[in-house]
Amino acid sequence: MADEIAHTAPRPTVIIENRAACAGYETSVFFPREGDIATVEKAKDVCRRCPALRDCLMQALRIDDRFAILGGTTPSERQLIRRRLAVRQRELGVTS
């Protein structure tokens, strides 16, 4: 299943792709099987060294990716970020 998702997932923008530390890695590293903590940590390690980390995270939040390790975060971590952002926006009275 992870392979199917990896092949149909949105690709990073060209700007991100040209700077990404993950270029050249097997896609499966960034689409770990559920519970595969070692692969998640390997992907996050690559992300931590990436000059496109911030841009990649912003794109992952925009496209609401629910499968890949992107921008150094798992899908559940990004879901938490989105929730916190929504709370903060409400506190500030910002509308979408």
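In terms of the working numbering, the sequence shown opens at residue 838 and continues consecutively. Where is the CB? At the ideal position from N, CA and C, for every residue including glycine. Remember, predicted model here, so these are calculated numbers, not experimental data.
Between residue i and residue j, what straight-line distance do the alpha-carbon atoms span, to the nearest angstrom?
| i | j | result |
| --- | --- | --- |
| residue 907 | residue 929 | 28 Å |
| residue 872 | residue 926 | 33 Å |
| residue 875 | residue 914 | 17 Å |
| residue 891 | residue 883 | 13 Å |
| residue 877 | residue 911 | 8 Å |
| residue 886 | residue 931 | 33 Å |
| residue 893 | residue 858 | 11 Å |
| residue 900 | residue 862 | 22 Å |
| residue 856 | residue 917 | 26 Å |
| residue 818 | residue 909 | There is simply no residue 818 to check, as the chain begins at 838 and stops at 933 in what is shown. |
| residue 934 | residue 888 | Any question about residue 934 goes unanswered here, given that the chain covers just 838 to 933. |
Any idea what DSSP makes of residue i, helix, strand or coil?
| i | result |
| --- | --- |
| residue 864 | helix |
| residue 876 | helix |
| residue 931 | coil |
| residue 871 | coil |
Whose C-beta lies closer than 7 Å to the C-beta of residue i among residues of the same chain, with five residues either side of it excluded?
| i | result |
| --- | --- |
| residue 920 | none |
| residue 879 | 866 |
Runs of alpha helix (DSSP H) lying entirely within the region 878-922, each at least 4 residues, in chain order: 890-900
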